[in-house]
Amino acid sequence: MKYVKALLSVAFAVFLVFALSRPWGPVPALGPFISPYTGFWQNGEAPFSEHFGDRELELDSLREGVTIRFDDVGVPHIFAQNNYDLYYTQGYVTAKDRLWQMDLQTRAAAGRLSEVLGSRTVEMDRRARRMGMGYGAEVNLKTTMSDPISREALLGYTAGINAYIDQLSAKNVPIEYKLLGYEPEHWTPIKCMYMLEQMTLTLAGRADDLAMTNLLKSLGQGTVNDLFPDYPLLKESPVIPAGTPWNFTPLPIPGTSTKKTTSDSTDTENEMMPAIPLSEPNVEGLGSNNWAISGAKSATGYPILSNDPHLELTLPSIWYQVQLHTPDMNVYGVSLPGIPGVVIGFNQNVAWGVTNVDADVLDLYKIKFRDSTHAEYWYNNAWRKTRKRLEMIAVKGSSDSIRENVIYTHHGPIINYEGEKGYTGPTLAAKWIGHEPGNGFRTFYELNIARNYDDYRKALTYYVGPAQNFVFADNSKNIAITVNGKFPLKRKEQGKFLLDGSNPADDWRGWIPMAQNPTVKNPPRGYVSSANQSSTDPSYPYYINWRFAPPERAIRINERLEQMTQATADSFRVLQNDNFSVLARTILPTLLEYLRTIPLGPFQKVAYQTLADWNMVNSAEAIAPSIFEEWVVTLGSAIWKDEFHSDSLAFRYPTRDRTEYLILKQPDARWFDNVKTPAKETISDIVQQSFKAALDSLTARHGPMSPTWRWADVKDTEIVHLSRALKPFNSKPIRNGGGGSVVNASTHHHGPSWRMVVELGPEPKAYGLYPGGQSGNPASPLYMNMLAKWEKGELNELLFMKSPEEKNSRLQSTWTFKKK
Amino acid sequence: MRVLGNYFIILVATGLLQFILPWWVIAVVPFLVCLWRSKHAGVAYGVSLAAVSTVWLAYATFVHNSTQGSMSNRIAELFSLPSGAALMFSVTLLSGLVAGFCGLAGYYVRQLFVKETIVTRT
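From first to last, the protein sequence lines stand for chains V and Z.
Reminder that position 546 of the first sequence reads as 546 in the numbering used here, one-by-one numbering, no gaps.
Adding 820 to a residue's 1-based position in the second sequence gives its number in the numbering used here.
Structure (structure tokens):
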């Protein structure tokens with residue numbers, strides 16, 4: 001009997017310990033997680049943070065000493081004697097604040113999420129592998145490491161991150177590792193490249209090709225030309241001011257003489273293209289603004305520059321503020337955790353910023369394999385060999401890795417195979433700028449140390465992608481903007497539709513010379529700007545894309561800049577937060593006309609009057625923008641959905657500009673008729689029905705019209721933790737104005753991810769913040785300490801230090817790194 | 821006295837060893853202590869539970885208070901618990917149960933080696 005008791009009690013005790021030592025579904029191994037010695041408790045931070053204490057550390061591999069001063073918002077100001085130590089320290093402090101973010105983002109890029117998250121992310125990982133993210137990272141690493149300056153930076157940055165990881169004890173690892181039950185792994189230089197690949201994928205990883213091909217098949221060339229023109233019909237205000245002369249002799253475009261109609265490759269077979277993830281339409285709100293004015297327009301007589309990149313708003317923020325100082329450099333701005341240097345910022349002499357160029361640098365090619373071995377594909381009337389790259393996807397909880405043989409053609413990797421499960425289209429290869437070797441780091445390094453316009457121009461030559469509008473201003477009172485990146489030399493509309501992978505005429509055949517990228521310096525109008533709109537007017541001799549972001553933000557920015565005189569940093573701050581809707585100004589009066597003539601219910605009358613009285617500002621408290629924004633979306637669907645949508649096939653609506661043109665200039669167009677109903681609808685039917693439907697939909701979601709319809713509540717901007725699953729780590733609901741088509745582009749989950757204003761001058765004065773904080777620890781007082789000001793549209797003054805000994809009441813603590 | 825002695829041995833040993841060893845110290849120490857010197861099943865269970873609960877409750881309270889619940893309150897929310905205090909209570913209870921059952925196992929294993937007479941002598 002006593003043996004039974006002993007056995008049973010020991011068995012139960014062992015079972016208890018075992019059960020608490022392993023994860024159960026999403027619940028982490030509870031034993032270590034809940035222990036006050038090692039568990040989540042230890043991630044707590046007092047309001048008086050650890051940042052606010054002096055420290056002295058002895059570190060391996062430093063060459064000389066480093067001083068870090070932390071200011072009151074937790075920004076590190078790093079003073080080093082050489083570049084290696086500088087980037088070492090940047091790596092160390094970035095890891096201190098953002099280690100898990102760096103890990104997650106590089107894992108996502110490398111297709112290694114399943115290794116820590118299990119089988120639910122396998123498809124995502126497979127997509128990353130097939131997209132050739134690893135291939136792109138490797139070719140970029142090779143280029144970057146062959147440059148001594150970049151090599152030193154990457155190695156220093158890597159060593160610094162690893163020095164931080166090596167001193168971490170179990171209790172100090174970031175909370176996300178504890179929750180997900182895995183350990184930090186060492187950093188390697190290629191992870192920096194994965195971060196760049198991830199940015200390229202975010203900003204230049206979508207393709208309309210399949211949707212446009214389907215439209216061509218179902219509507220014909222004439223209609224496609226009419227509804228999907230290569231330049232906005234109604235309004236545009238291009239990045240490079242219209243009329244700017246092109247001071248170069250353009251290259252001939254190869255393949256133009258042998259041009260075949262774009263539909264050759266697909267017309268023979270009547271197959272329609274399925275929707276795939278990278279054919280999903282762009283998210284509005286994924287874009288950015290930047291601008292600069294000349295000294296003639298400013299109060300100080302020196303240029304002022306502004307930049308607010310709009311990205312997915314997450315906690316921790318995508319950006320990390322830092323000041324980097326060596327005897328040869330003194331730069332302040334934001335970095336991307338995982339990449340050394342400053343991406344957007346300023347120094348003593350210059351300031352710069354970036355917005356995305358919507359260039360078509362991802363093209364899909366239809367591929368014909370000889371047989372199921374995928375060893376050869378048809379190209380230029382012969383069979384050509386493919387290359388295989390074996391990718392192993394490790395999956396947590398499974399002892400076997402998934403083997404994925406990614407097949408490479410000379411265009412690029414195969415992303416989908418004809419006949420594979422869950423996919424009904426042809427075999428597709430992706431030709432993508434992310435596979436081109438480049439040295440993005442060097443561009444930013446050169447900007448970090450730039451002293452003048454020539455340095456800026458030199459810096460841009462290193463850049464490949466994702467193409468950006470680089471705005472610039474300097475102390476010599478120059479302003480400039482360059483549409484910069486490596487752009488394929490294409491015939492017009494090449495890549496607007498699916499390309500033929502067997503036809504050499506469809507290849508990318510060379511590049512637009514970097515010196516011929518659209519650029520303007522000190523234009524007569526006294527300002528430069530960009531908001532992801534068309535890069536140039538149609539006079540530019542090269543084809544960059546057929547569509548860009550809708551022009552409303554750009555139009556508003558340029559109107560305001562045009563009028564600005566004696567401008568200050570605060571004028572720029574106000575413009576960053578401008579909520580005026582150019583879209584409403586353009587179409588609302590016309591839309592309301594159609595409502596005037598019909599009987600409306602009492603509730604609809606109130607809504608009508610609300611819109612009629614509206615000042616067209618998307619302010620937080622107003623109800624009109626909630627109605628208008630809902631109505632515009634409903635109206636778009638009412639016009640186009642019947643013929644331009646399918647649940648399973650790739651389709652897209654015409655652009656917003658084309659839709660507005662239709663409403664204003666072509667009220668009799670047949671597109672207003674809903675072909676799915678027997679009746680023949682007119683524009684006025686569609687406008688009226690969509691108005692009522694929009695009101696019904698708002699009522700269904702927010703109850704009867706009341707203050708709950710306030711724009712801030714309906715828009716419901718929210719800043720979510722990167723995991724997208726850990727709700728207690730999200731921000732509280734944000735109650736600000738804005739909208740996808742206004743300058744202050746904050747939407748539900750996207751918006752200004754960093755707002756910066758720099759007044760150039762003998763001493764630069766700069767302001768900025770992001771909707772978050774320096775620390776990635778949800779328990780830190782620095783996790784979202786800038787959020788309240790961001791919500792109100794205020795900015796922090798940025799502390800630009802000159803020496804490590806500087807005295808300033810905002811400086812809180814000093815860390816000293818010594819060589820061991 | 822032995823009861824109090826066991827309580828303090830477990831308390832001090834688990835309290836200190838957890839700074840250098842993993843969490844399962846709270847299982848192993850009560851087991852070993854009760855294997856070494858326990859007399860009653862119920863007491864072995866109770867003493868182990870009480871000692872380890874004391875350690876975890878004390879340390880968790882200290883960390884919770886000194887960080888003003890900045891992480892514990894969020895984790896409580898994640899586990900759908902009403903507050904950081906409720907989380908502290910649940911965690912403490914769980915640690916106590918582990919320790920209690922391990923202490924009990926220690927006692928029963930001890931019975932395999934110890935003569936009846938020694939066990940019943942007071």
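The C-beta atom is built at its ideal place from N, Cα and C for all residues, glycine as well.
Computed from a prediction, not measured in an experiment: that's the story for all the values here.
(1) Drop a sphere of 10 angstroms on the beta-carbon of W709(V), count the other beta-carbons inside from all chains shown, and report buried for 16 or more, exposed for fewer.
(2) Name the chain Z residues whose beta carbon is nearer than 9 Å to that of W291(V)?
(3) Taking the C-alpha atoms as reference points, what is the distance between V758(V) and S809(V)?
(4) Is Y879(Z) close to chain V, meaning its C-beta is less than 9 Å from at least one C-beta of that chain?
(5) Compare the C-beta of I175(V) against all C-beta atoms of chain Z and say whether one is closer than 9 Å.
(6) Can you pull the chain Z residues whose beta carbon is under 8 Å from the beta carbon of Y3(V), in chain order?
(7) Reducing DSSP to helix, strand and coil, say where S529(V) ends up.
(8) Quick check on the burial criterion: 16 or more other C-beta atoms within 10 angstroms. Buried or exposed for N615(V)?
(9) According to DSSP, simplified to helix, strand and coil, what is S502(V)?
(10) I'd like to check one pair, C854(Z) with G916(Z): are the Cβ atoms closer than 9 Å?
(11) For R894(Z), would you say it is in contact with chain V, using Cβ-to-Cβ distances shorter than 9 Å as the test?
(12) Please list, in chain order, the chain V residues whose beta carbon lies closer than 9 Å to that of V832(Z).
(13) Could you check where the alpha helix (DSSP H) with D71(V) kicks off and where it finishes?
(14) Any chance you could list the beta strand (DSSP E) runs of at least 3 consecutive residues sitting entirely within the stretch 76-142 of chain V, in chain order?
(15) Measure the Cβ-Cβ separation of K486(V) and G412(V) and say whether it is below 9 Å.
(16) Rounding to the nearest angstrom, what Cα-Cα distance links F644(V) and Q689(V) in this structure?
(17) Apart from the five residues on each side of it in sequence, which residues of its chain come closer than 6 Å, Cβ to Cβ, to S534(V)?
(18) Answer with buried or exposed for K366(V), where buried requires no fewer than 16 other C-beta atoms within 10 angstroms of its C-beta.
(19) On a Cα-Cα basis, can you pick out the residue from T461(V), P518(V), S529(V) that is closest to V483(V)?
(20) Answer yes if the stretch 33-41 of chain V comes into contact with the stretch 841-855 of chain Z, meaning at least three C-beta pairs across the two stretches below 8 Å, and no otherwise.
(21) A833(Z) to S753(V), Cα distance in whole Å?
(22) N826(Z) CB to nearest chain V CB: under 9 Å?
(23) So, helix, strand or coil for S265(V), using DSSP?
(24) If contact means a Cβ-Cβ distance below 8 Å, which residues of the stretch 851-862 of chain Z contact chain V?
(25) Would you say A788(V) faces chain Z, with C-beta separation under 9 Å as the test?
(26) Report the option in A351(V), A382(V), N452(V), Y423(V) whose CA atom is closest to the CA atom of A766(V).
(27) For V17(V), return the contacting residues in chain Z, with the cut-off set at a CB-CB distance below 8 Å.
(28) Tell me the residue span of the alpha helix (DSSP H) that contains P560(V).
(29) At 7 Å on the CB atoms, spell out the chain A contacts of F839(Z), in chain order.
(30) Could you pull the start and end residues of the alpha helix (DSSP H) that T682(V) belongs to?
(31) So what's A700(V) in DSSP terms, helix, strand or just coil?
(32) Whose Cβ in chain V lies nearer than 7 Å to the Cβ of V911(Z)?
(33) Kindly list, in the order they appear in chain Z, the residues whose Cβ is closer than 8 Å to that of F40(V).
(34) Do T314(V) and L722(V) have their C-beta atoms closer together than 9 Å?
(35) Quick one: is L447(V) buried, meaning 16 or more other Cβ sit within 10 Å of its Cβ, or exposed?
On the basis of the coordinates in this document:
(1) It counts as buried.
(2) What W291(V) touches in chain Z: nothing, since even the nearest Cβ is about 39 Å away.
(3) 22 Å
(4) yes
(5) yes
(6) L932
(7) The three-state secondary structure of S529(V), taken from DSSP, is strand.
(8) exposed
(9) coil
(10) no
(11) Contacts with chain V at 9 Å (Cβ-Cβ) include R894(Z).
(12) None at all; the shortest Cβ gap to chain V is about 15 Å.
(13) Element bounds for D71(V): not the alpha helix (DSSP H) but the beta strand (DSSP E), 66-71.
(14) 76-79
(15) no
(16) 19 Å
(17) Counting only Cβ-Cβ distances below 6 Å, and skipping sequence neighbours, we find E236, P238, F548.
(18) buried
(19) With respect to the C-alpha of V483(V), the residue from T461(V), P518(V), S529(V) having the closest C-alpha is P518(V).
(20) Touching, yes.
(21) 50 Å
(22) no
(23) Model confidence at S265(V) stands at a pLDDT of 47, short of 50, so the residue's coordinates are unreliable; what they give is reported in the following sentence. Reduced to three states, the DSSP call for S265(V) is helix.
(24) F851
(25) no
(26) A351(V)
(27) W844, A847, V918, C922
(28) Note that residue 560(V) corresponds to Arg in the displayed sequence, not to Pro. Counting along the chain, the alpha helix (DSSP H) containing R560(V) begins and ends at 552-563.
(29) In the structure shown, chain A cannot be found, because the protein chains are V and Z.
(30) Note, T682(V): premise wrong, no alpha helix (DSSP H); not H, not E.
(31) helix
(32) I34
(33) M891, S892, I895
(34) Between T314(V) and L722(V), the C-beta spacing is below 9 Å.
(35) buried
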